[in-house]
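Trainee:
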Amino acid sequence: MKTITNLITSLIIAFWLGAIAIFSIQNITEISLKFLVWQSIKLPVGVLLAFSIGGGLILGVLLIPLLTGSKSSKRKRSLRDFQTVDEFDF
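If you read the sequence shown in my numbering, its first letter stands for residue 1077, the second for the next number, and so on.
#1: Could you please give the first and the last residue of the uninterrupted alpha helix (DSSP H) stretch that includes S1086?
#2: Whole angstroms are fine: how far does the CA of W1092 sit from the CA of T1085?
#3: Using DSSP bridges, identify the partner residues of I1140.
#4: Going by DSSP, name the residue or residues bridged to L1119.
#5: Please identify the residue among A1097, I1096, Q1102, V1121 whose C-alpha is closest to the C-alpha of S1026.
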């Protein structure tokens, strides 16, 4: 079952990479991004798309440990809660 899941995931990723490659080849025009008062240099759409996807992947990987917390702290917390329960406390 795990190999089928890995295969499907790989196929989905390969499809999206191919779609992004085709999209960036067809849109070779240079654009510049504007955010509030800042403006980037002119780059092709594919390059900006690659940077934004790469930045999102890196940011996602860095945020996972921050949002999930460490397992040891959860384990200590659950152990502490378990120890506070009295045997005859119903």
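Where a beta carbon is used, it is the ideal one built from N, C-alpha and C, also for glycine.
Computed from a prediction, not measured in an experiment: that's the story for all the values here.
Mentor: Let's see:
#1: 1078-1102
#2: 11 Å
#3: Partner(s): none; I1140 has no beta bridge.
#4: I1107
#5: Because the chain in this structure spans residues 1077 to 1166, residue 1026 falls outside the shown range and cannot be described.
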